[in-house]
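Undergrad: My questions all concern the structure below.
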Amino acid sequence: MAVETGPSVYRSILVVGGGIAGITAAVEAAEAGYEVYLVEKSPSLGGRVAQLAKYFPKLCPPYCGLEINFQRIKKEPRIRVFTLAEVGTIEGRPGNFDVTVTLRPRLVNDRCTACAACVAVCPVDRPNEFNFGMGTTKAIYLPHEMAFPMKYVIDDKACLGSECAKCVDACRYDAIDLTAESRTLTLKVGAVVMATGWRPYDAARIDNLGFGKYPNVITNVMMERLAAPNGPTRGKILRPSDGGPVRSAAFIQCAGSRDVNHLGYCSSICCLASLKEVTYLRQQDPSAKAYIFYIDLRTPGTYAHFAEKVLSDPNVSVMNGKVAKVLEDPQTKCLTVEAEDILRAEKTTLTVDLVVLATGMAPSLEGAKLDAGVKLDGDSFVVPEGSGTGIFAAGCARSPVDVATAAQEGTAAAIQAIQAIQDAARR
111 MAVETGPSVY RSILVVGGGI AGITAAVEAA EAGYEVYLVE KSPSLGGRVA QLAKYFPKLC
171 PPYCGLEINF QRIKKEPRIR VFTLAEVGTI EGRPGNFDVT VTLRPRLVND RCTACAACVA
231 VCPVDRPNEF NFGMGTTKAI YLPHEMAFPM KYVIDDKACL GSECAKCVDA CRYDAIDLTA
291 ESRTLTLKVG AVVMATGWRP YDAARIDNLG FGKYPNVITN VMMERLAAPN GPTRGKILRP
351 SDGGPVRSAA FIQCAGSRDV NHLGYCSSIC CLASLKEVTY LRQQDPSAKA YIFYIDLRTP
411 GTYAHFAEKV LSDPNVSVMN GKVAKVLEDP QTKCLTVEAE DILRAEKTTL TVDLVVLATG
471 MAPSLEGAKL DAGVKLDGDS FVVPEGSGTG IFAAGCARSP VDVATAAQEG TAAAIQAIQA
531 IQDAARR
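Remember, the numbering used here sits 110 above the position in the sequence shown when you count from 1.
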């Protein structure tokens, strides 16, 4: 039953982060009758889920679930979405928070029809962030084919601005404004949900594994993009060095994880993700071989049966051992993996076409300057119990979790936020 609130208690909720946890929190709260401000720092919603080829538990493409939620957002007038937006300050108490949000200029307005005429005339290339640098886009670009909102954005760091302005002339809808500037909003909300998600750990910091030095050493998130139909190779798993086929691949677990020099914790789902990526390779080429190097092979939740199925494949081998280094043959660009086989108590070497590093999930808030109301633990994850009353966390903002768990936590955080507002109204 709805609770009547006074002027000092606001029936509105701020959701910080537009990934699966944040989207879920937003739609659940709005459909329960609350106003929601959904703030996302990138140009489109979907977060890391949008970059996957498939996700658990059904191993379906991410837009199976995301498109349903996008439709819910479109149909729900209580949700206001702000992209290219970042929260500045959060001050106040449950039921009455003052929040400042800075909106960076998209330089493309709502008249955009995504016709791509602007792209055809843009002379500037930039790395494709959505594909983790594999390939390029123009300075004006659509984040990806299923982006929400479905409109272009200009990278103001790459764009030549008024010196060029070819996109302005090419646009028939007057949708491009190169003079737009940042602006700041002040919002009144009754509760806050932190759903800021995660980022892949920087594999270049693991100097013995060759990422950034050898083109055929990639990360697990890059493997997802290679296998995705809307990825840089349209779903074909190919060697970045020459576009050749991948007949063998080594999957190195705990690349930088459970390591005091990098990430001290286990991200819990990396092993499961690698097993999934093994199936991408095996389905594309029934003769391809996959080798998994692991410390502990973990499959949290109810996924043990999936691991058993993958590991029963005769073309999939596992080795309990820490990889010492990866070296490249400069002529063939093939890679030699040197590792310690713990069970056999001997060193081993293996040559493959591709190496995939299972890098861990680092919190997006690492290094961020936050208000006193949001507390982080030593690894920079949000501590719900230590954060201010009325501020809640969901998904990978609080710990590494899989997609299904992130969605569940988004729903839980929405319920907690609603309860906090109702409690404030009763005081």
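By construction, the Cβ of each residue, glycine as well, lies at the ideal position given by its N, Cα and C atoms.
Throw me the rounded Cβ distance for the Thr223 and Ala517 pair, which I believe falls under 8 angstroms.
TA: Not really, about 32 angstroms apart at Cβ, beyond 8 angstroms.
Undergrad: Please report how far the alpha carbon of Arg477 lies from the alpha carbon of Val229, in whole angstroms.
TA: The sequence shown places Gly at residue 477, not Arg. Near 35 angstroms, if we compare the C-alpha coordinates of Val229 and Gly477.
Undergrad: State the Cα-Cα distance for the pair Ala140 and Ile189, rounded to the nearest angstrom.
TA: Their backbone Cα atoms lie some 6 angstroms apart in a straight line.
Undergrad: Sort out for me which residues DSSP pairs Ile402 with in a bridge.
TA: For Ile402, which the question treats as bridged, DSSP gives the partners Phe361, Val428.
Undergrad: Using the Cα positions of Pro538 and Leu437, report the straight-line distance between them to the nearest angstrom.
TA: There is no way to answer for residue 538, as the model of the chain reaches only from 111 to 537.
Undergrad: Along the beta strand (DSSP E) that carries Gly175, what are the first and last residues, could you check?
TA: It is not in any beta strand (DSSP E) - Gly175 instead sits in the alpha helix (DSSP H) that spans 173-185.
Undergrad: Is it a yes or a no for the stretch 244-256 touching the stretch 296-305, going by three-plus beta-carbon pairs under 8 angstroms?
TA: No: the two stretches stay apart, fewer than three of their Cβ pairs being nearer than 8 angstroms.
Undergrad: In the DSSP assignment, what are the bridge partners of Asn206?
TA: Paired residues: Arg203.
Undergrad: By DSSP, does Met244 sit in helix, in strand, or in coil?
TA: Coil.
Undergrad: For Tyr390, which three-state DSSP category applies?
TA: Helix at Tyr390.
Undergrad: Write down the C-beta distance between Ala507 and Val492 rounded to the nearest angstrom, noting that I regard them as a contact closer than 8 angstroms.
TA: Going by Cβ atoms, the distance from Ala507 to Val492 rounds to 5 angstroms, so yes, they are a contact pair.
Undergrad: Excluding sequence positions up to five away, which residues of its chain have a Cβ less than 7 angstroms from the Cβ of Asn219?
TA: Closer than 7 angstroms at the Cβ level, and outside the excluded window around Asn219, lie Ala285, Asp287.
Undergrad: Rounded C-beta distance between Ala417 and Leu385? I'm assuming under 8 angstroms.
TA: Yes, they are in contact, since the Cβ atoms of Ala417 and Leu385 sit about 6 angstroms apart, within 8 angstroms.
Undergrad: Could you please give me the residues that DSSP links to Lys298 through a beta bridge?
TA: Answer by DSSP bridge pairing, in chain order: Asp208.
Undergrad: Name the DSSP bridge partner or partners of Ala540?
TA: The chain is shown from 111 up to 537; residue 540 falls before or after that span and cannot be answered.
Undergrad: Is it true that the stretch 140-154 meets the stretch 397-412, where meeting means three or more beta-carbon pairs spaced less than 8 angstroms apart?
TA: Touching, no.
Undergrad: Closest to Gly156 by CA distance: which of Lys168, Pro167, Pro172, Tyr144 is it?
TA: With distances taken between Cα atoms, Gly156 lies closest to Pro172.
Undergrad: Using only alpha-carbon positions, find the residue among Lys164, Ala131, Ser122 that is nearest to Asn340.
TA: When each option's Cα is compared against that of Asn340, the closest is Lys164.
Undergrad: Could you tell me if Ala504 is buried or exposed, where buried requires 16 or more neighbouring beta carbons within 10 angstroms of its beta carbon?
TA: The residue is buried, with at least 16 neighbouring Cβ atoms inside 10 Å.
Undergrad: Is the beta carbon of Ile130 sitting closer than 9 angstroms to the one on Ile528?
TA: Against a cut-off of 9 angstroms, the Cβ pair of Ile528 and Ile130 comes out as no contact.
Undergrad: Kindly identify the DSSP beta-bridge partner or partners of Thr343.
TA: The partner list for Thr343 (beta bridge, DSSP) is empty, contrary to what the question assumes.
Undergrad: Find the nearest neighbour of Gln526 within the set Gln181, Phe207, Cys381, Ala301, judged by alpha-carbon distance.
TA: Among Gln181, Phe207, Cys381, Ala301, the Cα nearest to that of Gln526 belongs to Ala301.
Undergrad: How big is the Cα-Cα spacing for Lys346 and Glu239?
TA: Lys346 and Glu239: Cα-Cα distance of roughly 19 angstroms.
Undergrad: Which residue comes first and which comes last in the beta strand (DSSP E) that contains Met332?
TA: No beta strand (DSSP E) holds Met332; the alpha helix (DSSP H) holding it covers 330-337.
Undergrad: On the criterion of 16 or more Cβ atoms from any shown chain inside 10 Å, does Pro510 qualify as buried, or is it exposed?
TA: Pro510 should be labelled buried.
Undergrad: Locate the alpha helix (DSSP H) running through Asp533, then write down its first and last residues.
TA: Residues 513-536.
Undergrad: Nearest CA to the CA of Ser292: which residue from Arg282, Thr212, Asn330?
TA: Closest by alpha carbon: Thr212.
Undergrad: Which residues in the same chain as Ala523 place their Cβ atom closer than 6 angstroms to its Cβ, once the five residues preceding and following it in sequence are excluded?
TA: Ala135, Val303, Phe502, Ala504.
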